[in-house]
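J.:
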Amino acid sequence: MATSTIRLVSQVSHSRAKSISFVGLGRMGSEMAYNLFSRRLAEAQEVQFVVCDAMPEAAIRFADNFRKQFPGANITIASTPEEATLASGTIVTMLPSSPHVRQVYLNSSGVIPTLRSLPAADASNTLCIDSTTLDVQVGRDVAAEAQATGAEMLDAPVSGGVTGAKAGTLSFLVGGSEQSFTHASPILALWICNNLILGVEQIVVAEAMLLGQRLGLDPAVLASVINSSTGACWSSSVNNPVPGALSESSPPCERNFEGGFATALMIKDLGLATNVLKASGSSMPLAEGAEDIYADAVKRHPELSNKDFSSIYRYLEKAMKEGRSVRLRDIEERV
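Encoded structure:
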């Protein structure tokens, strides 16, 4: 075992079961890792984080920034996938392409050879999640090798781009065994909870922007005041639905709501959230209401299905121009 590996392992004061390693800190990976780590930290203060990238400065920069945002966070830098695997029972990878996946997983200092060197119990308690968009056969080969060690492996490519990664609105297309999916559910659930907040939040921002304009306020002035006040949120400061409201950025509304996170995907994620609560006999009135509003928007205006979910503004704007009330009671009868 390399000296750097010994040093890293000695720094990890928690068990592998309480540690998450993220390998690949490019534009997508760094945003995904930040959202995953910050939400996991909110759930469990004792959790350990490990980051690894082919460019050491990227890992150093990420760790420094994360510590500034979350003083006291237990985050360690691994210099190789081997170190990341030794440190953590959950390993998430977000890499550029298939060759990089082969290298990270199959190279002599990669994930799978390291899993083979671990005690059987540790290997079998390891979950690997790869979110790289890669060649199908490479994905199958890597998964087979990982499973042969006793570890669990999920292929979980994402949709939503860098904007979605930053906002935490990515959609995961998950493939793997039911056991692996169950093991990964707490991690994937973090994104569902985040999207629940965004789905509700985006509707309220659209309503506020429409109300302000009806009262004679300039959208840019209104957005500036909101974004520097207690109403500040991502849906207003980054994904504002009114063209011209954000002078220094280009949200989807500036491109006819193209790109971003599709309304159909938001409906799916809200449905996942409400289904979980319904199964437990609980109720989430805002989540259920938001799901119905987005569904009615797509039903009335099918072209919004593939538009960014901030296009809910267009649905509400049309209703206002038509003098039509958007009432949940009426919507529930239609959807």
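Under the working numbering, the sequence shown has 1060 at position 333, and the numbering climbs by one with no breaks.
Just so it is clear, CB atoms sit at the ideal spot from N, CA and C, and this is done for glycine as well.
Where does Thr803 sit, in a helix, a strand or coil, going by DSSP?
T.: Reduced to three states, the DSSP call for Thr803 is strand.
J.: Note down the Cα distance separating Gln738 from Gly986, rounded to an integer number of angstroms.
T.: Because Gln738 sits at a pLDDT of 44, beneath the cut-off of 50, its placement in the model cannot be relied upon, and the following sentence gives the value as read from the coordinates. When rounded, the distance between both Cα atoms is 42 Å.
J.: According to DSSP, simplified to helix, strand and coil, what is Asp996?
T.: helix
J.: In or out: Leu735 buried (at least 16 other Cβ within 10 Å) or exposed?
T.: Any reading at Leu735 must be qualified, since the residue scores a pLDDT of 48, below 50, and its modelled position is unreliable; no value is offered.
J.: According to DSSP, is Val1053 helix, strand or coil?
T.: coil
J.: When you compare each of Ala989, Gly1008, Pro798 to Ala1024 by their alpha carbons, which one comes out closest?
T.: Ala989
J.: What number of angstroms, rounded off, separates the C-alpha of Gln864 from the C-alpha of Cys920?
T.: 32 Å
J.: My output table needs one value for Asp1035: the three-state DSSP class, helix, strand or coil.
T.: strand
J.: Among all the DSSP beta bridges, which residues are the ones paired with Cys920?
T.: Note: Cys920 sits in no beta bridge, so no partner.
J.: Go to Val819, then tell me how far its beta strand (DSSP E) extends in each direction, as first and last residue.
T.: Per DSSP, Val819 belongs to the beta strand (DSSP E) from 817–820.
J.: What distance in whole Å lies between the Cβ atoms of Glu872 and Ser836, which are believed to be in contact at a cut-off of 8 Å?
T.: The pair is not a contact, with the Cβ atoms about 15 Å apart (cut-off 8 Å).
J.: Based on Cα-Cα distance, which residue from Ala892, Leu938, Gly939 lies nearest to Leu918?
T.: Here residue 918 turns out to be Trp, not Leu, going by the sequence shown. It is Ala892 whose Cα lies nearest to the Cα of Trp918.
J.: Nearest to Leu813 by alpha carbon, out of Val777, Thr860, Glu1015, Tyr1042?
T.: Measuring C-alpha to C-alpha distances from Leu813 to each of Val777, Thr860, Glu1015, Tyr1042 identifies Val777 as the nearest.
J.: Quick one: what's got a C-beta closer than 7 Å to Leu973's C-beta in the same chain, skipping five residues either side?
T.: Ala950, Asn967
J.: Using CA coordinates, which residue listed in Ser955, Gly958, Ala947 is at the minimum distance from Glu975?
T.: The shortest Cα separation from Glu975 among Ser955, Gly958, Ala947 belongs to Ala947.
J.: Look at the alpha carbon of Val901 and the alpha carbon of Thr817, and state the distance between them as a whole number of angstroms.
T.: 16 Å
J.: How is the beta strand (DSSP E) around Glu879 delimited, first residue to last?
T.: 879–882
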